[in-house]
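Shown next, in structure tokens, is the structure this report addresses.
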Amino acid sequence: MGCSGSTQNKKNKTTEKKALIVVDVQNDFCEGGSLAVKDSAEIFPIINSLKKNAVFGKVYLTADWHPADHVSFHENNPGTKLFQEVTLEETGVKQVMWPTHCVQDKTGSEFHKDLEVSDSDVIVKKGTIRTVDSYSGFGTPPEDTGLNQLLQDEGITTVYVTGLAYDYCVGSTARDAAKNGYKTYVVTDATKSIAEETTKAMDKTLSGLGVEKIKSSSITM
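In full-length UniProt numbering, the protein residues as written are 1 to 221.
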């Protein structure tokens with residue numbers, strides 16, 4: 001016999017374990033950076049407050065961590081234009097040409113000074129392979145950042161995604177979290193977007209996967 005609805009709900013409530021994922025709050029994506037997201041500073045205090053919320057069993061910080069010769073950098077692809085989408089001859093994959101950003105061990109790849117980083121935070125690096133541009137914190141094949149395994153090891157069932165930028169890395173991370181079976185929320189006041197068109201496209205993608213939007217003030221035990 002299966003569990004009754006009320007019993008099952010109680011079980012789910014008891015076994016639910018939440019994690020906060022903070023995506024790419026790095027210097028190059030903040031004001032003054034090479035790929036700055038407008039008004040990014042507005043989300044810092046909200047994220048810092050969320051990190052202190054006892055509802056979260058674990059906090060994960062993702063970081064773009066590119067080698068200097070990364071395929072997504074415009075300067076590494078002569079004849080292309082900034083922000084142009086091209087098909088890379090080397091891989092056959094479509095790729096946006098970005099300004100050089102978040103190069104490994106450079107100032108631009110460091111977490112912004114106003115993001116409070118704790119010893120208990122788990123740092124997950126992505127985009128480490130020269131030929132792969134991983135927007136998602138879970139990585140893009142063949143890159144696997146290990147985030148899914150880390151979440152599984154902690155027994156995480158529900159994730160709340162924040163950071164920069166919603167229409168690229170935040171949304172991609174939320175998308176993959178949902179595809180991996182996690183109940184997924186995007187915290188709307190703890191993220192910023194780059195462009196209206198890509199924001200609408202990401203909204204549609206996430207809605208189709210059951211990803212929900214939530215305000216930080218509505219997050220409770």
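In this text, a Cβ means the ideal position worked out from N, Cα and C, and glycines have one as well.
query, result
"Identify every run of the alpha helix (DSSP H) within the region 146-218, keeping only runs that are complete inside it and at least 4 residues long; order them along the chain.", "147-153, 171-179, 196-208"
"Assess, as a yes-or-no matter, whether the region 167-177 is touched by the region 202-211 under the definition of 3 or more beta carbon pairs within less than 8 Å.", "yes"
"Please state the DSSP three-state secondary structure of Glu16.", "coil"
"For Val23 versus Gly137, is the C-beta spacing smaller than 8 Å?", "yes"
"Using only CA atoms, which one of Lys113, Gly108, Gln95, Thr145 lies nearest to Ser34?", "Gly108"
"When the Cα of Cys30 is compared with those of Ala165, His70, Arg130, which residue comes out closest?", "Ala165"
"For a test of the three-state rule: what should DSSP assign to Gly57, helix, strand or coil?", "strand"
"Relative to the alpha-carbon of residue 222, which residue among Thr91, Leu50, Ala190 has its alpha-carbon at the smallest distance?", "Because residue 222 is not part of the residues shown, which for the chain are 1 to 221, the question remains open."
"Could you have a look at Ile129 and say whether DSSP puts it in helix, strand or coil?", "coil"
"Using beta-carbon positions only, say whether residue 269 and Thr145 come within less than 8 Å of one another.", "Outside the displayed range of the chain (1 to 221) lies residue 269, so it cannot be described from this structure."
"Provide the residue span of the beta strand (DSSP E) that contains residue 241, from first to last.", "Because the chain in this structure spans residues 1 to 221, residue 241 falls outside the shown range and cannot be described."
"Here's a check: name, in chain order, each residue in its chain whose Cβ is nearer than 8 Å to the Cβ of Ser72, leaving out the five neighbours to either side.", "His66, Gln95, Val96, Met97, Trp98, Gly127, Asp133"
"Would you mind working out which of His74, Ile219, Leu115 sits nearest Ala41, comparing C-alpha positions?", "Leu115"
"Assuming Asn77 contacts His70 (C-beta within less than 8 Å), just tell me the rounded distance between them.", "Contact flag wrong, Cβ pair sits at about 10 Å."
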